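Reviewing the structure listed below.
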């Protein structure tokens, strides 16, 4: 078999292969080529299976079909150039899919989509049609893209799509770590090759941020109490609980906030749970004894004593103070806003134009093993009005 023909005014078609003329459904081995076919003529298929008309575009197909005993197996190479979707069409068979996003992911800078598409089907199926089976396969690809757009995008550019679907921040920090900055450069590089894609950035905050801010805020207060001079927002670094100045500062803060009686009870309980530790000077014992005459003593229960056994007393003080450290909700929202702005600015600096970036309002999320994740969302760049 060898056929050549024309499709519409500018399209070509050809077919070559072998076929059982008396029973094509029993044996067919054929290669079919369509070139430069005007896509609006395929609107009946796109309307039925995708729920959209096609306003413009060119289609080229290289099809290899084998039929054995009414079972079709085919490999299709589909090239679509400059497709433009039209209005939506109601169809009971159509799935509600973000077709514009799928096209933006698949379409290269020249407006070309190149797909390898294996298909199969049984000719006895009452729903079987050659055009329909191809469109169903295309819709299946679009469905996978809609479910995991970053995975689909990553598959086109070396894998790891799931990793570029979010940017992670260290708890309490608004800045981007070097690995996340590298991720942003990769994201910008990929979007540079997909000009139809837009990106939405979310500012985020979590309970892990509250813990980190409480920790930082208290470390600053302890350091200042111990006599250190800190600049605004300066991180004092780790505290040494073996330093007498840090110990005195922690005891002073604990006494101021929890009361001297609570401090005395905690010390007494610690000594009971850890005999021979936390020695007290003679003068301190005298002051403690005199003050004890004028206050009701409180003893720790067995559960508290068990938690103190083997612990570092000053770490216990720090943790109890930290858990009570007040952090305003608007401080967390401000952190989320700063993160979104930093990510937005970094993406723009990496080469993504501002008209393809959207900064969403900050939202609360759950932290994960990598930090606090700020999700990214892909969308199609809107057509000009």
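Residue numbers (this note's numbering): 10 to 394.
Where a beta carbon is used, it is the ideal one built from N, C-alpha and C, also for glycine.
Computed from a prediction, not measured in an experiment: that's the story for all the values here.
- Within the same chain, 61 and 63 come within 6 Å of residue 55 by CB-CB distance, once the 5 residues on both sides are set aside.
- A Cβ-Cβ contact shorter than 9 Å links residue 26 with residue 10.
- Per the DSSP secondary-structure output, residue 86 pairs in a beta bridge with 71 and 125.
- When DSSP reads this structure, residue 177 sits in a beta bridge with 382.
- Counting only the Cα atoms, residue 204 lies some 15 Å from residue 166.
- The beta-carbon distance between residue 344 and residue 218, rounded to whole angstroms, is 6 Å. This is short enough to meet the 8 Å contact definition.
- Per the DSSP secondary-structure output, residue 63 pairs in a beta bridge with 94.
- If you compare the alpha carbons of 39, 31, 30 and 18 with that of residue 48, the shortest gap goes to 18.
- Counting along the chain, residue 267 sits inside the alpha helix (DSSP H) bounded by residues 253 to 267.
- Scanning 388, 381, 386 and 387 for the CA closest to the CA of residue 189 turns up 381.
- With respect to the 9 Å criterion, residue 46 and residue 20 are classified as neighbours on the basis of their beta carbons.
- Between residue 376 and residue 264, the C-beta gap is not smaller than 9 Å, which leaves the two residues out of contact.
- Looking at the DSSP output, residue 220 shares a beta bridge with no other residue.
- Residue 73 is positioned such that its CB atom lies closer than 9 Å to that of residue 85.
- Counting along the chain, the unbroken alpha helix (DSSP H) around residue 194 starts and ends at 187 to 201.
- The stretch 323 to 333 makes contact with the stretch 253 to 270, as at least three CB pairs between them are under 8 Å.
- Around the Cβ of residue 310, a 10 Å sphere holds fewer than 16 other Cβ atoms; the residue is exposed.
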